[in-house]
Amino acid sequence: MSSFADVLTGAKATAEGRVVSVPETWHQGRTAYGGFSSALALAEAMRVGGELPPLRSAQMAMMAPLYGDVEVRARVLRSGRNAIWMASEIYGEKGLGFTASFVFMRPVESTVSLNDCEMPSGVLVPEEAQPLSRDRGAVFLRNNFDVRFAQPPSDERRPEMFWWVRPREVTALDPTVALLLTADALPPGVMRLLSPSVPVSTMHWQVNLLTPEPETVDGWWLLRSTSDYAKDGCSSQRMALWNAKGVPMLTGVQSIALFG
């Protein structure tokens, strides 16, 4: 079984970027797991960009299935006084399948300090939370992450999910790459209102990192996805991620296609 670090180590240089092979253990349906593609695009941007400030924002578009051998490319779009913008693309056998835009920005002095991203009350700590069976869940989850349900069982059907998620192997990864690899592991909240047979697909994902140095305890991250609108096959959801001490690490929004 290949860890994400193994995938990066096995990359082969091309004229415009690097080629990697997407292991089947990182699949989500018929394509690479979205966090895998996002982390791959980020890792290439960081390799090409060199000494970059911390990542503060990212936008990812998931346009076509990616599997087998794929080529990832990155380039600097603009280098300013405080921030650097970079773009990454991933190409599969049918052409462009994934694009990402990253903003790396060093801290600057500000008189404003605001935090309206506190961890919700009533969340179970990982030690008390029920684990997701390794026989369930998407292929990428079963093979690469430990998952525990962060809320007690309930019959209430709300378009929201809370999970504790811990990647099994990130020791050789940059902490920000590891965070992005993990941050998309939670299913869309709207899936709690759907039949299990209804396919869903992420179209667009934007995240804002709230810290330049993400860290947690014992590898656990708390993920939340909350769908706030769904109609005509499209769903909009808000996302958030905290570390094991309840410190907010990331917020985001995602656009989901519903095929049923």
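Using my numbering, the first residue of the sequence shown is number 478, and each one after it goes up by one.
Backbone N, C-alpha and C fix where the C-beta goes; we use that ideal spot for every residue, glycine too.
Pairing Arg625 with Arg619 gives a Cβ-Cβ distance that is not under 7 Å. Distance from the CA atom of His504 to the CA atom of Tyr544, rounded to whole angstroms, is 8 Å.
Taking a 10 Å sphere around the C-beta of Asp546, we find fewer than 16 other C-beta atoms and assign the residue as exposed. For secondary structure counted as the beta strand (DSSP E) over 3 or more consecutive residues, the stretch 636–673 holds these complete runs in sequence order: 637–644. With contacts defined as CB atoms closer than 7 Å, Val667 and Gly737 fail to qualify as a contacting pair. Annotation for Ala488: no alpha helix (DSSP H) segment contains it, and DSSP assigns it neither H nor E. Assigned with DSSP and collapsed to three states, Glu605 falls in helix. In this structure, the beta-carbon distance from Met726 to Leu687 falls below 7 Å.
DSSP, read as helix, strand or coil, puts Asp623 in strand. With respect to the 7 Å criterion, Asp661 and Arg643 are not classified as neighbours on the basis of their beta carbons. A residue is called buried once 16 or more other Cβ atoms fall within 10 Å of its Cβ, and Ala490, having fewer, is exposed. Beyond the five residues adjoining it in sequence on each side, Leu663 comes within less than 6 Å, by CB distance, of Met638, Trp640, Leu700, Ser702 in the same chain, given in chain order. Beta-bridge annotation (DSSP): Ser704 is paired with Gln714. In the three-state reduction of the DSSP assignment, Ala520 falls in the helix class.
When DSSP states are grouped into helix, strand and coil, Asp695 belongs to the coil group. Ala538 has Thr576, His681 as its beta-bridge partners, per DSSP. In the structure shown, the three-state DSSP call for Asp483 is helix.
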